[in-house]
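Its first residue numbered 0, the sequence shown is counted upward by one per residue in numbering that gives the first Met the number 0. See structure below.
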Amino acid sequence: MVKSIEIGKWNITFVFRHKWEKFDESVEIFRHKMAFRDWKLGIWFKQSKILGKKGFIRPDHHLVNSYMLGIDLLVCKTWVSWNKDGLELKID
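Here it is, written out as structure tokens:
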């Protein structure tokens with residue numbers, strides 16, 4: 000399950016994955032990459048740089064910070080990702 004919301008200039012994405020999740024046919028070919036191969040327990044944080052919306056207007060300010068906070072349990076994973084003014088690929 001993936002849910003994205005926009006609040007002002009903030010993009011927030013909530014993701015929940017579990018071991019028995021069913022994928023549609025368009026994603027089924029990538030199932031081996033998304034499979035639960037490792038059994039982890041823990042809380043994690045990740046910071047990365049992504050392309051910002053202003054990157055196409057002012058090339059000197061084209062990267063913005065993106066943050067992820069997640070929890071890994073044995074049979075499910077969940078995380079929240081957020082950024083301010085970042086470009087995101089939206090696939091429906």
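Cβ coordinates follow ideal geometry from the N, Cα and C atoms, glycine included.
C-beta contact flag for residue i and residue j at 9 Å
i     : j     : result
Lys52 : Asn64 : no
6 Å CB neighbourhood of residue i in its chain, flanking five on each side removed
i     : result
Lys39 : Asp71
Phe44 : Leu68
Leu73 : Trp38
Tyr66 : Gln46, Trp81
Phe15 : Met0, Thr77
Identity of the residues DSSP links to residue i by a beta bridge
i     : result
Val14 : Val1, Trp78
Trp43 : Gly69
Lys48 : Asn64
Residue environment, residue i, which counts as buried when at least 16 other CB atoms sit within 10 Å
i     : result
Ser47 : exposed
Gly85 : buried
Coarse secondary structure for residue i, derived from DSSP in three states
i    : result
Lys8 : coil
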